[in-house]
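Here the numbering used here is used: the first residue of the sequence shown is 4, the next is one more, and so on.
Where is the CB? At the ideal position from N, CA and C, for every residue including glycine.
Since this is a predicted model, take the numbers as computed values, not measurements.
Notes for the one structure printed next.
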Amino acid sequence: MKRILVPTDFTDSSIFAICTAAGLVEKFAAELILLHVLDEPEDADELAKKVEKILKLADLQDLNYHYQQVKGDLIESIVNQPSDLIVMGSHGAHGLESFFIGTNAEKVAKRAECPVVVLKDRTDLTSIDKIVFATNMNREDDDMIEELKFIQTHFDSKVHIIKTYDDTLTSHADVEKRLVDFAKFHQITNYEVAAIEGIDEGTLILHYAEQIDAKMILLATHHHRGVDKVFAGHISGEVINESKIPIWTRSIEVPSL
């Protein structure tokens, strides 16, 4: 992990994203890219001073960082930047506000070619000791195993592999057995499994993660013929706005039927 990108507009959410990303920059000896996307160019020197002030206030002035100011579409500019990880702050908006704020994080998560971390507050991402990995155990979710093993390797994390289900003909024990088989097949270590019965996948996953005091939720963003299924196949994009726990996601393309 050599390049960590943080979109910034100098709001509180982007500032705590910078502070959070800083820990990862130091851990991986990476380069921090601060990307400021504007409709119209502003004075680069003045903006650079703002960046330096933010880093100084956060005691981050010794970081290896570069500030970039670009004009253009916000989402296009973010996803087109060469990055190994994107860290985005989110306001956790609701209702109409979420249409303007929350969907930026969702769109980046759907289109980025690298993993995206979405968070609501300054977080120590160097201490991810407990992860919730929500999966449907579909073949597409296999691609998330690489992300999971990366986190476990570098952060010594325990993972809770969970699946929600609402099929009355499916037993709790059967779902848990399938989860264990899934973990063994992918040679996942240091894990627990949990089958959770219910209809509202997003709410069930968030409730479980909060119950066990998870430090990260790992979920896939699926694409299929232009129809975006956000997070583990069927979970609403509102998860981004509702979760107080950081979300680590990656866009996975679902094969055409």
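Within the DSSP secondary-structure output, H157 pairs in no beta bridge. By the 16-neighbour rule on beta-carbons within 10 angstroms, D46 is exposed. Per DSSP, the beta-bridge partners of L35 are I7, Y68. Secondary structure of H163 (DSSP, three-state): strand.
Between P85 and T252, the CB-CB gap reaches or exceeds 9 angstroms. With a cutoff of 9 angstroms on beta-carbon distance, V120 and L77 are scored as not near each other.
Between I208 and the set T171, T192, D184, H163, the nearest pair of CA atoms involves H163.
In this structure, DSSP gives K74 an extended state, which the three-state scheme calls strand. Around the beta-carbon of D144, 16 or more other beta-carbon atoms lie within 10 Å, marking it buried. E204 is the residue among L128, E204, S130 whose C-alpha sits nearest the C-alpha of E245. Contact annotation: the stretch 17-24 touches the stretch 121-136, with at least three C-beta pairs closer than 8 angstroms.
Between the beta-carbon of I248 and that of I220 there is about 5 angstroms, and that keeps the pair under the 8 angstroms contact cut. Judged by DSSP secondary structure, I134 falls within the beta strand (DSSP E) whose first and last residues are 133-137. Spatial neighbours of Y211 in its own chain (CB-CB distance under 7 angstroms, excluding positions within 5 residues in sequence) are listed in chain order as V135, I165, A197, I199. Across the set P10, L66, E213, the C-alpha of P10 shows the shortest separation from the C-alpha of V111. Taking the Cβ atoms as the reference, D87 lies roughly 6 angstroms from K5, within the contact range of under 8 angstroms. Residue pairing by DSSP leaves G26 without any beta bridge partner. For a cut-off of 8 angstroms, the C-beta gap from S130 to A108 is around 23 angstroms, too long to register as a contact.
The residues P118, L221, W251, R253, in chain order, have a CB closer than 8 angstroms to that of E150 in the same chain once the five nearest residues on each side in sequence are set aside.
In the DSSP assignment, A198 falls within the beta strand (DSSP E) that extends over 194-200. Here DSSP, grouped into helix, strand and coil, assigns L122 to strand.
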